[in-house]
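According to our numbering, the sequence shown is numbered sequentially starting from 1.
A short write-up of the structure that comes next.
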Amino acid sequence: MPFTYEDVGATRDGRCPPGFHPLHVRSRIGEGQEVFRSASRAVLTWELHRAVGVTITTDAAEAAPGVDVTVGLGPLIKAPCRVVWTLDEPRRAGWAYGTLPGHPESGEEAFVVDRTGDGTVWLTVTAFSRPAKWYAKAGGAATRGLQHAYARRCGAVLRRICTEDGGAA
């Protein structure tokens, strides 16, 4: 299936194509190498998304370019996506997926964990989107508000995961 937008991979550079709504939410997760390892593992293996409360349907154990993923939001909304890029570096790890036909939105969303020079670990959720289904269009600004709330919740849940894993969050 083809992507539902043209600028595939734009989140890697932090770009928002014309006609899309941008999203950028950065959350402090904790400090240190162990927190970074826990956070990276949780993001790359879908643990974060499942802990947030969405269903993830995929055959892959972790994110990799070309992997198809369906995100379930409640019993009615199924959002098909494909991973477009991944990072697994000493100080950054994460991935982005793009929307496929049937997704309520059109666009891309990235989840990146990074460890800054002072040892602080952050989760940054970056996205660009526009409505693709009638109910996403009808939601208007409320839909975008839900996207921001979801991104903030990802940060809070990842912080909790890292605390439970023994990291010093």
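Note that the Cβ used here is the ideal one computed from N, Cα and C, for glycine as well.
Computed from a predicted structure; not experimentally measured.
- By DSSP's assignment, residue 88 forms a beta bridge with 93.
- Listed as beta-bridge partners of residue 139 by DSSP are no residues whatsoever.
- Contact check between the region 25-34 and the region 119-126: three or more CB pairs, one atom from each, fall below 8 angstroms, which counts as touching.
- Taking a contact as a CB-CB distance under 8 angstroms, the pair residue 162 and residue 35 counts as one, their CB atoms being some 5 angstroms apart.
- A straight line joining the alpha-carbon of residue 17 with that of residue 164 spans about 38 angstroms.
- Going by DSSP, residue 103 is part of no beta strand (DSSP E) at all; its letter is neither H nor E.
- Residue environment for residue 89: exposed (fewer than 16 other C-beta atoms within 10 angstroms of its C-beta).
- In this structure, residue 105 lies away from residue 97, with their beta-carbon atoms at least 8 angstroms apart.
- Ranking 113, 20, 95 and 15 by CA distance to the CA of residue 33 puts 113 first.
- Contact between residue 52 and residue 157 is confirmed by a C-beta separation of about 5 angstroms, below the 8 angstroms threshold.
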